[in-house]
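Residue numbers (the numbering used here): 5 to 77.
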């Protein structure tokens, strides 16, 4: 799947990953708009990495152009 195909599914709450990642990455999810310390927090991506937990994720150009995205159950 392409990034354009998975983005609406991420907006619907599904988790995704690229087959091209090295395997430690469990999934990426979109966190919707919320608040933090009374201020608006814009939507952002989180990636869950085995043994490391969550960190912010920013897709690279390669990620955006890749066609190996898949939905994670």
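From the three backbone atoms N, C-alpha and C, an ideal C-beta is built for every residue, glycine too.
Does DSSP put residue 71 in a helix, a strand or coil?
Residue 71: coil per DSSP, three-state reduction.
Sequence-distant residues of the same chain with beta carbon closer than 6 Å to residue 28, five excluded per side:
Answer for residue 28: 53, 54, listed in chain order.
When you compare each of 35, 13, 43, 24 to residue 51 by their alpha carbons, which one comes out closest?
Among 35, 13, 43, 24, the Cα nearest to that of residue 51 is on 35.
According to DSSP, is residue 14 helix, strand or coil?
Residue state, collapsed to three classes: helix.
Which residues DSSP lists as bridging residue 53, in chain order
According to DSSP, residue 53 bridges with 29, 57.
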